[in-house]
Amino acid sequence: MRHVGRIELTAAKPAELRTTSSKARTPLVVAEGVAKTYRTVSGGNIAALRAVDIAIGEGDFVCLVGPSGCGKSTFLRLIAGLDVLSTGRLTLAGSPLVGASPDVGVVFQSATLLPWLSVYENVRLPLRIGGRRDSDPGRTQRLLAMVGLAGFEDKYPYELSGGMQQRAAICRALARDPKILLMDEPFGALDALTRERMNVELQRIWLASQKTVLLITHSIGESVFLGDRVVVMSQRPGRVLQDFRIDLPRPRTFEQTTSDPEYLRLVREIRALLDSTGGDEA
Amino acid sequence: MSRQDVHVREQASIDLPAQAHAEDRLSLLGRRNRILLTLAGAVVLLGLWHLSVVVLQVPPYILPPPATVVSALWNGLHVPLMSPVGFYVPLASTLYNAGMGFLIGGLLGILLGSLMAEFRPVETVLMPYAFALQSLPKVAIAPLIVIWCGFGDSSKIAMAGLLAFFPLMVNTFTGLRTVDPALLDLMRALSATRLETYRVAKLPAAAPYVFAGLDMAAVYSLLGAIIAEFLGAQQGIGVTITQAQAVTDVATVFAALVLLGITGIVIHTVIRAVERSVVHWAGRANA
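Residue numbers (this note's numbering), protein chains in the order written: chain L, 21 to 302; chain H, 654 to 940.
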């Protein structure tokens with residue numbers, strides 16, 4: 021199984037380069053043989069990731085799916101600088117990633133807004149931290165308008181719905197104008213309807229901001245709907261099983277895209293692949 | 654996390670504003686009734702007090718009737734503000750000492766609680782002493798403090814400060830240690846310095862704990878000041894009480910206690926009001 025994964029990966033790499041899009045696809049994030057081993061309290065070792073190779077092109081929307089606990093969140097935490105890799109190489113725009121980088125914006129599973137700050141202050145938070153000065157006060161306003169939160173600047177997080185909180189969190193992640201936006205199951209805590217709306221919104225935000233996005237999700241449908249690529253990971257210790265290219269036309273809509281035969285084929289194929297790994301996926 | 658779990662959480666965050674409004678209205682309606690009930694209870698209690706004194710012929714040096722206590726209270730309050738025989742001067746003196754102790758002890762408590770939460774070695778070294786002192790009935794230290802600080806204001810301030818220190822140290826420490834790890838991840842992803850993380854995320858997140866500590870510390874500092882006054886002082890409400898006790902003027906003792914009770918309620922109300930405006934977000938949904 022591991023062997024298959026490797027073959028698939030090398031097969032996927034050239035495909036990633038000859039893309040149909042007009043965007044320049046120089047790899048922004050490159051992971052080579054990235055592995056992470058955790059030490060447990062009892063002194064044992066748990067391998068969370070085993071030799072992950074992924075190249076994420078600039079402007080790409082990459083979705084990472086895999087069984088629970090396969091290490092996809094770990095991979096995201098490594099790029100975000102929240103964890104340190106055990107072996108391998110991880111670069112952003114050619115230079116190795118050491119610790120948190122201002123070129124990386126993170127959206128967590130829960131919105132993690134500071135409840136004592138207004139929406140505006142929350143979005144501005146990254147500009148106040150690390151000795152930064154808010155050089156362009158208009159930018160926060162523009163970002164809020166882009167995610168559809170204009171007029172909510174002075175509200176507090178508890179006055180917003182879950183979906184709006186997550187929009188504010190996306191806004192905050194974009195505050196420093198990062199090169200890549202990392203999203204760890206950002207809509208996992210939302211109800212199905214809000215989640216669909218947020219998917220469409222995220223696509224719109226992505227098209228408007230031209231950012232590179234790495235989205236981690238449990239939902240196969242969500243990954244195919246949103247991604248230019250869907251990278252499927254194995255069970256723990258995680259490694260890349262297969263890298264699917266999604267060439268569905270954009271902007272995608274739920275009415276059209278989810279009934280597209282190509283969409284359905286991809287969802288079926290990815291589900292079959294995940295089932296074959298024995299993951300307890302929904 | 655199960656799917657059901659997810660639904661419940663989202664549901665809660667959607668429904669909460671409406672629910673909170675309903676509860677507000679309910680508590681408003683209930684509050685009027687509760688105030689009436691409290692007043693009725695007080696009237697009945699005072700009536701029983703008066704009746705039992707009259708019927709059982711309790712001598713006034715054991716339990717004066719409520720009217721005598723009220724008149725003692727009136728006598729103590731119906732004097733010029735600076736008069737040494739009234740309640741104002743001793744109460745101001747006690748409040749000043751308690752307030753100073755509250756400020757100094759409270760700030761030190763927040764400072765030490767913060768240092769212990771932020772730096773493991775500080776915690777390791779100080780925690781055993783903190784626990785030992787915490788479980789010691791600190792009132793028993795009062796005579797020692799009088800020996801060290803004398804019979805002046807400083808011993809009152811020291812005692813008040815000592816009692817105010819512990820609830821704030823413990824609560825600040827606990828508050829800082831129970832900050833949502835996701836918040837700390839966020840701050841790390843933003844390359845925040847340790848001080849920024851403390852100032853921007855941890856301390857505000859710990860604020861509800863700190864306020865609970867402040868509430869306790871306010872009562873304790875008043876207690877501390879009065880205990881120190883019992884052991885000897887020139888003035889203070891504790892002195893008023895011991896002097897009245899010496900001449901078995903029990904009505905004045907009661908009057909002083911009523912005054913202290915009212916003072917305590919006022920302080921508590923002020924702190925709660927400040928808390929509500931500062932940590933207005935506490936207890937609200939934040940998915």
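Virtual Cβ for every residue (Gly too), placed ideally from N, Cα, C. Only a predicted model underlies this, so the values are computations on that prediction, with no experimental measurement involved.
Within chain L, no C-beta atom comes nearer than 8 Å to that of H:Val863; the closest sits roughly 13 Å away. Between the alpha carbons of L:Leu169 and L:Glu52 lies a gap of roughly 39 Å. Of the candidates L:Pro257, L:Leu147, L:Gly171, L:Ala165, the residue whose Cα lies closest to the Cα of H:Ala845 is L:Leu147. Apart from the 5 residues on each side of it in sequence, H:Leu744 sits with its Cβ closer than 6 Å to the Cβ of Ile890 in its chain, given in chain order. In the DSSP annotation of this structure, the continuous segment of the alpha helix (DSSP H) that includes L:Leu286 starts and ends at 281-296. Between the alpha carbons of H:Ile763 and H:Thr827 lies a gap of roughly 11 Å. Under DSSP, L:Glu52 forms a beta bridge with L:Arg109.
Excluding sequence positions up to five before and after H:Cys802, its CB lies within less than 6 Å of the CB of Ser808, Ala811, all in the same chain and listed in chain order. Distance between H:Val903 and H:Ser724, taken at the CA atoms: about 12 Å. Taking a beta-carbon distance threshold of 8 Å, H:Val853 counts as an interface residue toward chain L. Within the same chain, Pro122, Pro146 come within 6 Å of L:Arg196 by CB-CB distance, once the 5 residues on both sides are set aside.
With a threshold of 8 Å between beta carbons, L:Trp136 makes contact with chain H. Annotation: H:Ser705 to H:Leu815 spans about 41 Å, alpha carbon to alpha carbon. By the criterion of a C-beta distance shorter than 6 Å, H:Glu776 is surrounded in its chain by Met769, once the five residues flanking it on both sides are discounted. Considered as a whole, the region 196-257 of chain L harbours 200-204, 232-237, 249-253 as its complete beta strand (DSSP E) runs of no fewer than 3 residues, in chain order.
Three or more beta-carbon pairs separated by less than 8 Å are not found between the region 136-146 of chain L and the region 212-229 of chain L, which leaves the two stretches without contact. For H:Arg937, a Cβ of chain L is located within less than 8 Å of the residue's own Cβ. Restricting attention to L:Gly208, L:Pro116, L:Pro198, the CA atom closest to the CA of L:Val50 is found in L:Pro116.
Shown here, H:Gly739 sits in coil according to DSSP, grouped into three states, outside any helix or strand.
DSSP, read as helix, strand or coil, puts L:Arg144 in helix. Secondary structure note for H:Phe818: its alpha helix (DSSP H) is the uninterrupted segment 806-830. In the DSSP assignment, L:Arg97 falls within the alpha helix (DSSP H) that extends over 92-100. Contacts with chain L (Cβ-Cβ distance below 9 Å) from the region 825-838 of chain H involve Asp833, Ala835, Leu836, Asp838, listed in chain order.
As the crow flies, the alpha-carbon of H:Thr901 is around 17 Å from that of H:Asn728. The alpha-carbon separation between L:Val220 and L:Thr297 amounts to approximately 30 Å. Linking L:Ser106 to L:Ala55 through their CA atoms gives a straight-line distance of about 6 Å.
Residue pairing of L:Thr57 in beta bridges, as defined by DSSP: L:Ala67.
One thing to note: H:Ala860 has its Cβ no nearer than 8 Å to the Cβ of L:Gly101. The Cβ-Cβ distance between H:Glu928 and H:Phe883 does not fall below 8 Å.
Taking the CA atoms as reference points, L:Leu234 sits about 56 Å from H:Ala813. At a cut-off of 8 Å between C-beta atoms, L:Pro271 does not count as an interface residue with respect to chain H. For H:Phe755, the three-state secondary structure derived from DSSP is helix. When Cβ-Cβ separations below 8 Å define contact, L:Val126 makes contact with chain H.
In the three-state DSSP reduction, H:Leu709 falls in the helix class (H, G or I). H:Ala842 has a beta carbon lying within less than 8 Å of a beta carbon in chain L. Proximity of the region 172-181 of chain L to the region 225-239 of chain L falls short of the contact definition, fewer than three beta-carbon pairs being nearer than 8 Å.
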